[in-house]
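Read through the structure below, which is laid out as structure tokens, and then see the notes.
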Amino acid sequence: MNETPRRFIIEDEDAELPVERLRVEPAAGRRTGCPFHDVREMLREVGLRPTRQRLALGWLLFAKGDRHLTAEMLHEDALRARFPVSLATVYNTLHQFTEAGLLREIAVDGSKTYFDTNASEHHHFYVEGDSRLLDIPGAELLVGRHPTPPDGFDVARIDIIVRLRRKSD
Ligand SMILES: [Zn+2]
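In this note's numbering, the protein residues as written are 406 to 574.
Structure (structure tokens):
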């Protein structure tokens with residue numbers, strides 16, 4: 406994904422956030438088969454040290470299946486789960502996860518950035534008014550043709566956002 410050398414530093418018990426403190430949706434982890442320790446494993450695999458913040462935010466992000474979240478939404482989730490964290494830390498963590506390939510960043514408008522817990526290539530509907538991002542099922546079909554890039558460039562990725570608005574009738 407990128408060339409930075411991976412370092413594996415694993416902290417022990419002191420890095421562990423008690424799951425009881427993340428009581429937003431107690432069944433969520435079990436339902437999606439993504440329990441807390443999987444987040445630790447996930448961090449370890451990409452070479453991110455499993456700090457309390459990363460474990461907690463990782464759990465909030467990944468324990469509920471595929472989601473599209475802004476930093477503000479995740480910050481609210483964290484506060485609701487009684488995990489005190491600043492919005493700046495949420496931003497930093499989201500960007501670290503994105504750089505590590507755990508998340509995909511999707512800029513919808515100049516000011517609005519979503520983080521997708523499904524980092525594989527897929528495309529989105531954006532519901533205007535609701536500020537909601539939805540996956541387009543079977544979206545690989547949309548990438549049949551793409552413009553020829555200028556000399557010296559490859560197409561790195563194609564992000565398609567189809568904007569939706571409710572019918573007015
Ligand atoms: Zn998505």
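The beta-carbon is built from N, C-alpha and C at its ideal position, and this holds for glycine as well.
What you get when you keep residues with a C-beta closer than 6 Å to any heavy atom of ligand 1 is H473, D521, N523, H527, H529, D540. Straight across, the Cα-Cα distance linking D574 with V560 is about 40 Å. Distance between F467 and P554, taken at the CA atoms: about 35 Å. In the three-state reduction of the DSSP assignment, L474 falls in the strand class. Listed in chain order, the non-local C-beta contacts of F530 below 7 Å within the same chain comprise L539, I541, V567, L569, local neighbours out to five positions each way being set aside.
Closest by C-alpha distance to N497, out of H527, T475, E526, A486, is T475.
In the three-state scheme derived from DSSP, where H, G and I count as helix and E and B as strand, H527 is classed as coil. Bounds of the alpha helix (DSSP H) holding F502 are 492–504.
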